[in-house]
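Engineer: Residue numbers for the sequence shown follow our numbering, beginning at 1 and rising by one.
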Amino acid sequence: MEVLFGIVGLIMGTIVVVTLGTVGIITWGVTVRARAQARQREIEELKARLARLEADLEALKDQVAELIIEAHDGALLRLEEPPTPIQRLRPE
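1) Just how far apart, CA to CA, sit G9 and L20?
2) Quick check: what's the CA-CA separation for L4 versus G24?
3) Give me the Cα-Cα distance between T31 and V18, rounded to the nearest whole angstrom.
4) Go ahead and pull the three-state DSSP assignment for M12.
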């Protein structure tokens, strides 16, 4: 009788260990998949942010080009030539 209880206990223990191991493996797999999906979403968000930043950079380049053209035309800045060495020696 005691041997029978021992065998039944061994079988039940084996079933519990296998079940818990299976649940653990499934839980681990779900966790790994969730982390991978979160990383993928983060990568997609970063790509979208990079695209927006590149568009902003292009807009800024256009604005700088317009400012340079206006400055060259004299609308914003009056560029003076640097003083010559003689002009630096003889202040006016």
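Cβ atoms here follow ideal geometry from the backbone N, Cα and C, with glycine treated the same way.
Structural biologist: According to the data block:
1) As the crow flies, the alpha-carbon of G9 is around 16 angstroms from that of L20.
2) If I take the Cα positions, the gap works out to 30 angstroms.
3) Rounded to the nearest angstrom, the two C-alpha atoms are 20 angstroms apart.
4) Collapsing the DSSP output to three states places M12 in a helix.
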